[in-house]
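Protein chains in written order, with the working numbering: chain D, 44 to 294; chain V, 44 to 294; chain L, 22 to 283; chain R, 22 to 283; chain S, 63 to 356.
Here a beta-carbon is modelled for each residue, glycine too, at the ideal position from N, C-alpha and C.
Remember, predicted model here, so these are calculated numbers, not experimental data.
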Amino acid sequence: MRLLRPLVIFIGLIAAWQIAVMLIGVPPFILPSPADVAGALIKRQEVLLGHAGVTLLEIVLGLALGVLFGAFGALVMSYFAPARRWLLPVLVISQAIPVFALAPVLVLWLGFGMASKVAMATLIIFFPVTAALFDGLRRTDPGLLDLARTMNASRGAILRHIRIPAALPAFASGVRVATAVAPIGAIVGEWVGSSSGLGFLMLHANARMQIDTMFAALFLLAIMAVALYFAVDAALSRLLTWQPDTQPSED
Amino acid sequence: MRLLRPLVIFIGLIAAWQIAVMLIGVPPFILPSPADVAGALIKRQEVLLGHAGVTLLEIVLGLALGVLFGAFGALVMSYFAPARRWLLPVLVISQAIPVFALAPVLVLWLGFGMASKVAMATLIIFFPVTAALFDGLRRTDPGLLDLARTMNASRGAILRHIRIPAALPAFASGVRVATAVAPIGAIVGEWVGSSSGLGFLMLHANARMQIDTMFAALFLLAIMAVALYFAVDAALSRLLTWQPDTQPSED
Amino acid sequence: MTDTTSSPHTVSRLTVRVRGARLAFGGRTLFDGLDFDVAGGQWTCVLGPSGVGKTSLLRLIAGLTSPKTGSETEGTVSTDDGNPVFHRVAYMAQQDLLAPWLSTLDNVLLGSRLRGEPPDRDRAHALLEKVGLGANMSDLPAALSGGMRQRAALARTLMEDRPIVLMDEPFSALDAITRVRLQDLAAENLSGKTVLLVTHDPLEALRLGHRIYVLAARPATFDRVIEPTGAPPRNLHDSTVLGEQGDLLDQLARADTEGLVS
Amino acid sequence: MTDTTSSPHTVSRLTVRVRGARLAFGGRTLFDGLDFDVAGGQWTCVLGPSGVGKTSLLRLIAGLTSPKTGSETEGTVSTDDGNPVFHRVAYMAQQDLLAPWLSTLDNVLLGSRLRGEPPDRDRAHALLEKVGLGANMSDLPAALSGGMRQRAALARTLMEDRPIVLMDEPFSALDAITRVRLQDLAAENLSGKTVLLVTHDPLEALRLGHRIYVLAARPATFDRVIEPTGAPPRNLHDSTVLGEQGDLLDQLARADTEGLVS
Amino acid sequence: AGAADKLTVMLDWFVNPDHAPLIVAQEKGFFEDRGLDVELVAPADASAPPKLVAAGKADLAVSYQPQLHVQVGEGLPLIRIATLVGTPLNSLVVLRDGPVRSIADLKGRKVGFSVGGFEDAVLGAMLAKHGLGLKDVELINVNFSLSPSIIAGQVDAVIGAFRNFELNQMDIVGKPGRAFYPEEEGVPLYDELIVVANKANANRPAHRKFVDAIEAGVQFLVNHPDESWQLFIAANKELDDELNRRAWRDTLPRFALRPAAFDAGRYARFAVFLKEHGLIETVQPVENYAIELR
Ligand SMILES: Nc1ncnc2c1ncn2[C@@H]1O[C@H](COP(=O)(O)OP(=O)(O)OP(=O)(O)O)[C@@H](O)[C@H]1O
Ligand SMILES: Nc1ncnc2c1ncn2[C@@H]1O[C@H](COP(=O)(O)OP(=O)(O)OP(=O)(O)O)[C@@H](O)[C@H]1O
Ligand SMILES: [Mg+2]
Ligand SMILES: [Mg+2]
């Protein structure tokens, strides 16, 4: 059953897509039908899988680094008041800067390899983590903090043993968002200057009107994204068994 | 003092930038110096401000719609179990799909006017809000829920009077992230098709190698982003006075 | 008062019958095959060692045990008019459960708000005055002392005006004098209702209870019932009460040796 | 035990002196110019009506009032050896304050973990056994009953082994029998320490206190001190205790009429 | 031959038939034969390669002549060393069966463009010849979807469409287009694709070898069109489709047969045109930004 549902969703989505294409009559060069895409998927599977591997690596690296930097950023910002005042505006700005403006600068520093792409992905991924953990760290139960103070705890010990565990649910929330945006992070990273990866393939296919190939790449990306999301979600839930978890639908 | 600090940060960043450009010797066509940018800012202020107005409108509209849809999505997903099972994967996929792939489809439906750009921005903005509120709604104190049940509360009433207020801090967290990514949402929308806005101007200036103008636009964007972020942050803090708020730096 | 189930006057003096109740948390059985009546229109007090399952029993009656909380439940809870218990109880939990974002007044009005009824502000004001929170109506729970929070929760429970009232140590955070006064207030406001009171204080039970049960051992069973003489609330300086207190303490001590705390 | 300030044996029988203490929350003055001694090596019990400021006084002594919490504080808190009070107190708050992500055992070991000391698991095990939680060491707080949570918090406080111990209604959620047993346990474990106990139960104060104060009125002041005879923990069936109880209740009733609950 | 001379060459865009001489030279080993180790890098943003060459991060970049004038005008130390495609590829495209039959019909209509930097100048010149101005049309940036937007009717014309590409694209999906050629409508002739180097080391010997290799590549293309197509798709499997086959065919005659050769007069004329349209402020001497390698 647990494996059946995604399958049903999957088939349902595909069917809806096919019907939509048939009913609305979208031209295939704008939205190809699933059949076309399946064709491209089979015909170009070698090319697609090769690029998918590159992108997956970038996603995973970007996510790992993004979460790491995000956590680090939140810790630094919340631990050092001056860092907060100075870093927060910089981080906000970093989110507002379009990639293509930074791309030449990044390539200048990091070259054309994987590094600049991963850096780009990291830049996109880390902010939700930072923001969520930062917020979570602020919302610790004041009673527990008082207790810790009387226990002669250093600021670092309070952070480590009280604030961070208490902020883990918020952190998990941020990591979930980060996981969902990680694929787009990697794809955008590939725009910076690359000759491989699904993002490259998509831009390329798009520019050359191989729309079926583009959607085949998109399809692979979507599968990776969903698989990654639910894997991370499951891992996070396991981490937070102590956290009460109910849904409004159960009220 | 409260107004002084941002000013100091601002001047500090500019100074750091100027010094960096001078020391590292980055060529101006990759990273112009603040002086160059200031020149462009003054020389082209009319053009810049006109485009900035368009982008600001898109950002604000996108943010409003994104937060609205995000909140709505989270409520629907958490309130109706089937919606959750079916919608969540779709939402995750929606995050992984690069805008440019969707762009032709969106443009086909919405045209090249403001609508398609606001739609694009909304698409980028809503997910952090959805994810954060969805998580927040799950973490309501089970005791309060039990109490509400004995009080003969309908599911809707529990949602409205217990779960939503309890989830507001998480929601605020999501809105903060959304606010930070809103500018990039609008800019990406403008790349995909537009004839005005800072994103358009940047593309244009970039193609013409008027890098100083591009950075001037970027600068305006950054100012808007930071101002928007802190305005939203202040508004959210006012909304959540009941929420204990401490910083590790105060431990 | 359009909802007939919430009107105390149409169906009053409801007896609650618990039959064959079983409750276990992942293998640890708290009680099994427990039969228990909460007499209609009377105060029934339950005492017992810490951790024996008093709160769990109360929650079972209130309909708040679900597999989600990790508990396995069996048995039936019914009333003598055949209607379900759920939605006719006012429940005051061991924790005060004040919503941190609502003022004291709004917390007291939470029930009517949740049911979409027009809030009876006058009654809420009056109750808050009576529990000594007249000056704190607009304070958030975080600005209240422990006892004040408990008093707010009590006011909210009294505000509910249900035929069955379940209270889990409602006076535990109050000083002796305030406690007596609020016991009187509760006795007055809940007269004619079916009240189940969990308490740790034998004197409180002796003061308020028509019947007193002691829950003991694991799986827990009820010992012999004590039915103090005279109408509650009783005077504690009464010598019979003091005698009964000795009795009750003995019973509790016995319960304890069979029980949990080693 | 490298940190000398945390060793109870080098500096014991510390008297804590509070002088000219003022505490106000946004205009509402709880007390002003309050002088108060917690006698070294003895149990000092504080009673008083709910909301009078007992918890606030305890927090003031523990060094936990800061402008951040919305309070204005004045006055000094010192010990007779001249060293600050802060970091030599073990504080047990009115709420149990168990970290929800830690097991009962880990909650008891929280202090040593926070100080980066090697945890004394044997002692924690022994204490948990003594408070009756031997079977619940690996349970999360959410799986404990109210009284069990309080017992875990008590075990954690005893675990701290500090020269000054501040406890805010540490036995309020316990049944009468368990309460007596844990009072004895605390008395035994804290002998020779300077203990300040806030309680609502006059009998508890009479059983445990070398000195008993009643905090009353607003701004709050201390009434006359009661110094029960005999060494605590006293036998409650003692007739002198019962007489003193009457006294104390009278005093509390007086405190109450000057006081807050109308 | 000793250690190979390493060259990082940035393409203007993803690999496509426009790069045939480079690909063929790479695949046939013409670079290797001359002791070169060439790495071809494709960007997603056509404006990045010249910047990176100017910054010394890449050795050579495939770029466009009009952009070169603009970039040099903005102070980038760039210099043209070779020509890949010696004619304009750019064109104004409308639907063949659409309402626009001549440029004059564009009045009041929407024209899509993918920001390249000088589309407005080209369009302005073309409109001017028919008595219209830029104010008479609505210009819309359609960035990634040049042909979809015209096929779907979102715009009435697109400027910046490549005649060897977008026209084929439209034809394949059954919406054939009509192209108006800038060079026939008042825009001076120019080189579409050129190779630029950093001015500081334009005369590096490796550059001459590189251009020679391209020349050999072009020659091979002309001599063995089918074999070179096979080479091309073998190296770029994802390009093996109808569109690229047709584009390949249409591009072949447009490659400069003498990549190193340089017509200074043509560049000077074009600079004047750009100045007239406000894209550059001064007309610099040609030798400032274009040379013929010795
Ligand atoms: N954070 C706060 N903000 C405002 N007022 C507060 C705050 N904390 C406590 N008070 C006020 O201070 C007064 C004393 O509170 P305190 O908790 O010290 O009482 P207490 O004597 O411990 O009462 P109880 O016996 O009910 O625990 C109360 O009237 C309360 O409303
Ligand atoms: N969610 C839970 N998961 C597992 N065990 C639980 C849970 N809730 C309660 N228990 C266990 O059930 C037993 C009874 O708990 P309950 O709260 O009913 O005790 P109680 O009689 O109310 O005690 P107290 O007087 O201390 O409040 C305890 O041993 C407790 O550990
Ligand atoms: Mg209980
Ligand atoms: Mg208190």
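Proximity of residue 229 (chain V) and residue 160 (chain V) at Cβ, strictly below 9 angstroms: Here residue 229 (chain V) is taken as the residue at index 186 of the second sequence, counted from 1. Here residue 160 (chain V) is taken as the residue at index 117 of the second sequence, counted from 1. Closer than 9 angstroms, so yes.
Next on the checklist: Is residue 57 (chain R) near ligand 1 - that is, is its Cβ less than 8 angstroms away from at least one heavy atom of it?
Outcome noted: The count along the fourth sequence starts at 1 and reaches residue 57 (chain R) at position 36. No, Cβ of residue 57 (chain R) sits at least 8 angstroms from all heavy atoms of ligand 1.
Worksheet item: How would you label residue 174 (chain S), buried or exposed, when you count the other beta carbons within 10 angstroms and need 16 or more for buried?
Response: Against the fifth sequence, residue 174 (chain S) aligns to sequence position 112. Residue 174 (chain S) is buried by the Cβ-count criterion.
Practice item. Indicate the three-state DSSP secondary structure (helix, strand or coil) for residue 230 (chain S) in the structure shown. Key: On the fifth sequence, position 168 is the one that residue 230 (chain S) refers to. Three-state DSSP puts residue 230 (chain S) in a helix.
Return the CA-CA distance between residue 282 (chain L) and residue 153 (chain R), expressed in angstroms with no decimal places. Here residue 282 (chain L) is taken as the residue at index 261 of the third sequence, counted from 1. Here residue 153 (chain R) is taken as the residue at index 132 of the fourth sequence, counted from 1. Bear in mind that the predicted position of residue 282 (chain L) carries a pLDDT of just 42, short of 50, making it unreliable; the figure below should be weighed with that in mind. Each residue's Cα considered, the two are about 4 angstroms apart.
Checklist entry - Within the present structure, is the beta-carbon of residue 160 (chain R) separated from the nearest heavy atom of ligand 3 by less than 8 angstroms? => result Counted from its first residue, the fourth sequence places residue 160 (chain R) at position 139. The closest heavy atom of ligand 3 lies 8 angstroms or more from the beta carbon of residue 160 (chain R).
Notebook entry, point to check: Would you report the Cα separation of residue 210 (chain R) and residue 221 (chain V), rounded to the nearest angstrom?
Noted result: What you label residue 210 (chain R) is simply residue 189 of the fourth sequence in a count that begins at 1. What you label residue 221 (chain V) is simply residue 178 of the second sequence in a count that begins at 1. Per the coordinates, the alpha-carbon of residue 210 (chain R) lies some 54 angstroms from the alpha-carbon of residue 221 (chain V).
Interface flag, residue 234 (chain V) vs chain S, CB-CB below 9 angstroms
The sequence position of residue 234 (chain V) within the second sequence is 191, counting from 1. By this cut-off, residue 234 (chain V) is an interface position.
Candidates S:191, S:147, S:295: closest to residue 90 (chain D) by CA position
Locating residue 90 (chain D) in the first sequence gives position 47, where the first residue counts as 1. Considering only alpha carbons, the answer is S:295.
- Query: Is there at least one Cβ from chain S nearer than 9 angstroms to residue 238 (chain V)'s Cβ?
  - Reply: The residue you call residue 238 (chain V) lines up with position 195 of the second sequence. So, interface residue.
Residue 79 (chain D) - containing alpha helix (DSSP H), residue span:
As a working mapping, residue 79 (chain D) is identified with position 36 in the first sequence. Per DSSP, residue 79 (chain D) belongs to the alpha helix (DSSP H) from 77 to 86.
Original post:
Would a check of beta-carbon distances place residue 265 (chain R) closer than 9 angstroms to chain L?
Top reply: If you number the fourth sequence from 1, residue 265 (chain R) lands on position 244. Not one chain L Cβ lies under 9 angstroms of residue 265 (chain R).
**Item:** Length of the line joining the Cα atoms of residue 136 (chain S) and residue 245 (chain V)
**Value:** Walking along the fifth sequence from the start, residue 136 (chain S) turns up at place 74. Walking along the second sequence from the start, residue 245 (chain V) turns up at place 202. So the alpha carbons of these two residues sit roughly 16 angstroms apart.
### Task
Would you kindly check if the distance between the Cβ of residue 158 (chain R) and the Cβ of residue 125 (chain R) is under 9 angstroms?
Working through the fourth sequence from its first residue, we reach residue 125 (chain R) at position 104. Working through the fourth sequence from its first residue, we reach residue 158 (chain R) at position 137. For the 9 angstroms CB-CB criterion, residue 125 (chain R) and residue 158 (chain R) form a contact.
Worksheet item: Just checking, does the segment 96 to 103 of chain V make contact with the segment 184 to 201 of chain V on the three C-beta pairs under 8 angstroms criterion?
Response: By the Cβ criterion, the segment 96 to 103 of chain V is not in contact with the segment 184 to 201 of chain V, since fewer than three pairs of Cβ atoms, one from each stretch, lie closer than 8 angstroms.
- Got a sec: is the Cβ-Cβ distance from residue 267 (chain V) to anything in chain D below 9 angstroms? For this step, residue 267 (chain V) is matched to residue 224 along the second sequence. Interface residue, yes.
- Item | Spatially closest choice to residue 267 (chain R) from L:274, L:244, L:257, by CA coordinates | Taking the first residue of the fourth sequence as position 1, residue 267 (chain R) is located at position 246. Closest option to residue 267 (chain R), Cα to Cα, is L:257.
task: Could you list which residues in chain V have their beta carbon closer than 9 angstroms to that of residue 171 (chain L), in chain order?
output: As a first step, residue 171 (chain L) is located in the third sequence; it is residue number 150 there, counting from the start. Residues of chain V passing the Cβ test: none, with the nearest at roughly 14 angstroms.
Exercise for review: Show which residues of chain V have a CB atom less than 7 angstroms away from the CB atom of residue 138 (chain S).
Suggested key: On the fifth sequence, position 76 is the one that residue 138 (chain S) refers to. In chain order: 72, 252.
Partners in chain D for residue 299 (chain S), counting only beta-carbon separations shorter than 8 angstroms:
To locate residue 299 (chain S), count along the fifth sequence from 1; it is residue 237. Result: 87, 89, 90.
_Using a Cβ-Cβ distance cut-off of 9 angstroms, determine whether residue 247 (chain V) contacts chain A._
Chain labels in this structure do not include chain A; the protein chains are D, V, L, R and S.
What's the call for residue 115 (chain R), buried or exposed, on a 16-neighbour Cβ count within 10 Å? Taking the first residue of the fourth sequence as position 1, residue 115 (chain R) is located at position 94. Buried, by the Cβ-count rule.
Exercise. Do the CB positions of residue 190 (chain R) and residue 72 (chain L) come within less than 9 angstroms of each other?
Worked result: Locating residue 190 (chain R) in the fourth sequence gives position 169, counting from the first residue. Locating residue 72 (chain L) in the third sequence gives position 51, counting from the first residue. With a cutoff of 9 angstroms on beta-carbon distance, residue 190 (chain R) and residue 72 (chain L) are scored as not near each other.
**Prompt:** If you run the structure through DSSP and keep just helix, strand and coil, what is residue 202 (chain R)?
**Reply:** Here residue 202 (chain R) corresponds to residue number 181 of the fourth sequence, with the count starting at 1. Helix.
* Asked: Among D:284, D:123, D:129, which one has its Cα closest to the Cα of residue 211 (chain D)?
  -> On the first sequence, residue 211 (chain D) is found 168 positions in, with the first residue counted as 1. Among D:284, D:123, D:129, the Cα nearest to that of residue 211 (chain D) belongs to D:284.
Check your understanding: With a cut-off of 9 angstroms, does the C-beta of residue 126 (chain D) fall near any C-beta of chain S?
Key -> Here residue 126 (chain D) is taken as the residue at index 83 of the first sequence, counted from 1. False, the Cβ-Cβ gap to chain S never drops below 9 angstroms.
Review point. Whose C-beta lies closer than 8 angstroms to the C-beta of residue 246 (chain L) among residues of the same chain, with five residues either side of it excluded?
Key: Residue mapping note: residue 246 (chain L) aligns to position 225 of the third sequence, counting from 1. 232, 233, 234, listed in sequence order.
For the alpha helix (DSSP H) that contains residue 306 (chain S), what are its first and last residues? Within the fifth sequence, residue 306 (chain S) is the residue found at index 244, counting from 1. Start and end: 304 to 313.
Q) Considering residue 196 (chain L), what are the terminal residues of the beta strand (DSSP E) in which it resides? A) Here residue 196 (chain L) refers to the residue found at position 175 of the third sequence. Element bounds for residue 196 (chain L): n/a, residue is neither H nor E.
Run of the alpha helix (DSSP H) containing residue 353 (chain S), from where it starts to where it stops: Residue mapping note: residue 353 (chain S) aligns to position 291 of the fifth sequence, counting from 1. Element bounds for residue 353 (chain S): n/a, residue is neither H nor E.
Taking C-beta to C-beta, are residue 180 (chain V) and residue 139 (chain V) nearer than 9 angstroms?
Within the second sequence, the letter at position 137 stands for residue 180 (chain V). Within the second sequence, the letter at position 96 stands for residue 139 (chain V). Taking 9 angstroms as the Cβ cut-off, residue 180 (chain V) and residue 139 (chain V) do not qualify as a contacting pair.
* To do: Quickly, what does DSSP pair residue 64 (chain L) with across the bridge? List them, please.
  => One-based indexing of the third sequence puts residue 64 (chain L) at position 43. Partner(s): L:216.
Worksheet item: Would you call residue 171 (chain R) buried or exposed, if buried means 16 or more other Cβ atoms sit within 10 Å of its Cβ?
Response: Sequence index remark: in the fourth sequence, residue 171 (chain R) carries index 150 (1-based). It counts as buried.
Original post:
So, helix, strand or coil for residue 73 (chain S), using DSSP?
Top reply: Working through the fifth sequence from its first residue, we reach residue 73 (chain S) at position 11. Coil at residue 73 (chain S), not helix or strand.
Quick check on this structure: which residue in L:203, L:261, L:240 has the alpha carbon closest to the alpha carbon of residue 179 (chain L)? Within the third sequence, the letter at position 158 stands for residue 179 (chain L). Looking at the Cα atoms, L:203 is the closest of the given residues.
query = Are at least three pairs of beta-carbons, each pair with one atom in the segment 103 to 110 of chain R and one in the segment 168 to 179 of chain D, less than 8 angstroms apart?
reply = No, the segment 103 to 110 of chain R is not in contact with the segment 168 to 179 of chain D.
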